[in-house]
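Scroll down for the structure; my scribbles are underneath it.
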């Protein structure tokens, strides 16, 4: 008898039929002797419907009232799922964020969880209830309703699993797990049975959008094992956990991530002096433009080239800002290129295995792909290449690191 | 500077356009120096939409979860109205039942208010906020969401007015006040500028469905002056208050009420012995059938005729029950008639003015209407007549009691 937290997103509860299917699944876990806490999102489309109502009134409505408004979406789902469970003879109770008492800060529309009161939930679990909790929402110290921002339901689930010391937090979604890379790009892409929190973070931030980054960070911080599963297909999914808990022989590389939403800006002929990076990136940050990869090369002739990437939507604004900066600092010119993409190999095994970088560069060279920029972290190597080579690069790397082959011990876990 | 509680029903907040109109109205009261607490219902159609979702799952869903579900409807309106007020520069905050803390018993879907915490509201009022409260809902001692049943928003408004010691509770609706009778039946029907709680109760229970009966009872119990007004037309409306507060010369009769939803059952040739009324009505009550008028005439030959009325929908079931009872007590026969209606004259003045009954019967006789049953209370006389004579009866009585004429002192108040 163990406690499991399960999270179902908007598509998984998008209709009464779907909610009934979820109820069947939860009832199955109950029958197998598990205690279950279910976290649900708003039925798909509902949050957008509510936001559209608010926008009829005002373009930027008061954040406090936005939270009051959109938090009703999840509450509706909790009630409906609790009804569907009761109909199946599974004693169930719904809770909204305020009822659990999921205490957050007061940053409306993007609040952060500070504390979860586990008393009422434990009392109800002890009485044999299955609990259905509204994801994405909480309450501040003054009793105002708050929301965690889009996708916050994942965070609610992980935080509840941590607070209740659940055995596992299961995130049900429309994919059956985390893959070595995007199966739409590489036929041989393989579902990972395990991945570490750190690897998941690197994979998630790069476009494998299975799980909210904040939820993964939270899971890592509190060491909550998270399993990604398909809502309506059976299967073991992918377990995201601490490296130390893994009993398998860690494969060197977990997967190949990539991101097309990159545009490159170079400011060339920059006088090489202290503080120049800040002088260039400060105004970009002030304009609320997020910067991804940054590369500054060694200087020659006392000038240097400074290159960074931004999201493609931000390119025109970033360019405008940069032209001004170039004049101020007497740089030679500003160049930009939006036909680029980023490819990364991710894996905690990289730490102890030399040669990953050289193997990566060799694989790309063998298919004639030129590398424009390189950045590295402890568990990730990323390169910027021409966008048209993206699929080729991903496939070559996937094959070079033998990701299509099942690791020997992985499924022993 | 006085505090006013205003309640707007589902139709008055049925669209964003309407919500903006309500915001204009509330902003106007603020500008005139009033503190305002607004109570709102769900946008029209929303409650039915939510109930339909629940019924897709189950015919009789768990009442606790029904309350969690439908209470979201009012919460949505509070947020939208608070946004619309803030847009107009009126500082506003929404509250749901749990946030105010409207404490109720735990009778889900038909809870009763036990206590209202006025602290947070007073604190916000003192800081210059206009408060928007979700009607129809509360929270029980364990923190479960409860609802007061359909139309409960009126009760919320009156209870808040009582708790906050508001000067007046204004109920905005789709009529501009309480009328001497239904204007669709009598052209000369006149808006009353004042009516007592007791008269309103008798009028409301008879089909002049302007205000929930429970709200009127509550208002009477706590002596909260209630004013019925049109949502989108200016006018003084009708003030419902204690008789004692009235400075006017009370007119004898306040109005003519009527009800078509009546069906008559007679059990004839009943042995006249103690306990026989209970023997007949007990099984009817057990079958959850509500009885309205009851008449038992003096007996002759040691048998009596026992007649009562029920709602028309309940007639077939009531008849079935009564046939069984008739056999058990050896009654002669059971007769029924659904082509009847009830007409009542209502007025606190009746207490001290003799002759109201005889004037009523005379007026009906003059137009040739036969009276089938008569019941009387302190402030009401009701007769059951053939349904086809209903309009004629109402018009005759309205004219006989000169209700189309403005009372001399009434508008001095």
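Residue numbers (this note's numbering), protein chains in the order written: chain U, 1 to 413; chain P, 414 to 826. Backbone N, C-alpha and C fix where the C-beta goes; we use that ideal spot for every residue, glycine too.
Residue i classed as buried or exposed, judged by whether at least 16 other C-beta atoms fall within 10 angstroms
| i | result |
| --- | --- |
| residue 245 of chain U | Bear in mind that a pLDDT of 42 at residue 245 of chain U, under 50, signals an unreliable position, so the number given afterwards is only what the model happens to contain. Answer is exposed; the Cβ neighbour count stays below 16. |
| residue 31 of chain U | exposed |
| residue 635 of chain P | exposed |
| residue 108 of chain U | buried |
| residue 686 of chain P | exposed |
| residue 406 of chain U | exposed |
| residue 703 of chain P | exposed |
| residue 212 of chain U | buried |
| residue 163 of chain U | buried |
| residue 473 of chain P | exposed |
| residue 741 of chain P | exposed |
| residue 376 of chain U | exposed |
| residue 780 of chain P | exposed |
| residue 216 of chain U | buried |
Beta strand (DSSP E) segment containing residue i, residue limits
| i | result |
| --- | --- |
| residue 416 of chain P | 416-421 |
| residue 239 of chain U | 238-241 |
| residue 643 of chain P | 639-643 |
| residue 744 of chain P | It is not in any beta strand (DSSP E) - residue 744 of chain P carries neither H nor E in the DSSP assignment. |
| residue 508 of chain P | 505-508 |
| residue 797 of chain P | 793-799 |
| residue 581 of chain P | 581-586 |
| residue 707 of chain P | 704-709 |
| residue 598 of chain P | It is not in any beta strand (DSSP E) - residue 598 of chain P carries neither H nor E in the DSSP assignment. |
| residue 37 of chain U | 35-40 |
| residue 458 of chain U | Lying before the first or after the last residue shown, residue 458 of chain U is absent from chain U, which here runs from 1 to 413. |
Under the three-state DSSP convention, the category residue i falls into
| i | result |
| --- | --- |
| residue 217 of chain U | helix |
| residue 281 of chain U | helix |
| residue 67 of chain U | helix |
| residue 142 of chain U | coil |
| residue 474 of chain P | coil |
| residue 442 of chain P | helix |
| residue 180 of chain U | coil |
| residue 780 of chain P | coil |
| residue 263 of chain U | strand |
| residue 154 of chain U | helix |
| residue 222 of chain U | helix |
| residue 426 of chain P | coil |
| residue 194 of chain U | strand |
| residue 252 of chain U | coil |
| residue 162 of chain U | helix |
| residue 136 of chain U | coil |
| residue 754 of chain P | strand |
| residue 235 of chain U | coil |
| residue 682 of chain P | strand |
| residue 257 of chain U | strand |
| residue 22 of chain U | helix |
| residue 844 of chain P | Lying before the first or after the last residue shown, residue 844 of chain P is absent from chain P, which here runs from 414 to 826. |
Alpha helix (DSSP H) segment containing residue i, residue limits
| i | result |
| --- | --- |
| residue 786 of chain P | Element bounds for residue 786 of chain P: not the alpha helix (DSSP H) but the beta strand (DSSP E), 786-790. |
| residue 729 of chain P | 728-741 |
| residue 391 of chain U | 390-400 |
Near the ligand COA: residue i beta-carbon under 6 Å from a heavy atom
| i | result |
| --- | --- |
| residue 29 of chain U | Only the bare structure without any ligand can be found here, which leaves the ligand COA out of the picture. |
**Q.** Positions along the region 1-31 of chain U whose CB lies within less than 8 Å of some CB in chain P
**A.** Result list: 16, 19 and 20.
Q. Got a sec: which bits of the region 451-478 of chain P sit with their beta carbon under 8 Å from any beta carbon on chain U, in order along the chain?
A. Taking 8 Å as the cut-off between beta carbons, the residues of the region 451-478 of chain P near chain U are 463, 466, 467, 469, 470, 471, 474, 475, 477 and 478, in sequence order.
(Q) Using a Cβ-Cβ cutoff of 7 Å, what residues of the region 478-489 of chain P are near chain U? List them in chain order. (A) Within the region 478-489 of chain P, the residues whose Cβ lies closer than 7 Å to some Cβ of chain U are 478, 481, 482, 485, 488 and 489, listed in chain order.
Q: Please specify which runs of the beta strand (DSSP E), each continuous and at least 3 residues long, are wholly inside the region 97-121 of chain U, giving them in chain order.
A: Annotation: the region 97-121 of chain U contains the following complete segments of the beta strand (DSSP E) (minimum length 3 residues), in chain order: 102-104 and 113-116.
Q) Name the residues in the region 510-544 of chain P whose C-beta lies less than 8 Å from a C-beta of chain U; which are they? A) So the list reads 511, 512 and 533, given in the order they occur along the chain.
Q: Determine which residues of the region 755-779 of chain P have a Cβ less than 7 Å from any Cβ of chain U, and write them out in chain order.
A: Among the residues of the region 755-779 of chain P, none has a Cβ less than 7 Å away from any Cβ of chain U.
(Q) If the cut-off is 9 Å on Cβ atoms, which residues from the region 143-154 of chain U count as contacting chain P, listed in chain order? (A) Against chain P - using a Cβ distance shorter than 9 Å - the residues of the region 143-154 of chain U are 143, 144 and 145.
Q. Name the residues in the region 490-505 of chain P whose C-beta lies less than 7 Å from a C-beta of chain U; which are they?
A. From the region 490-505 of chain P, only 491, 492, 493, 495, 496, 497, 499 and 500 have a Cβ closer than 7 Å to chain U.
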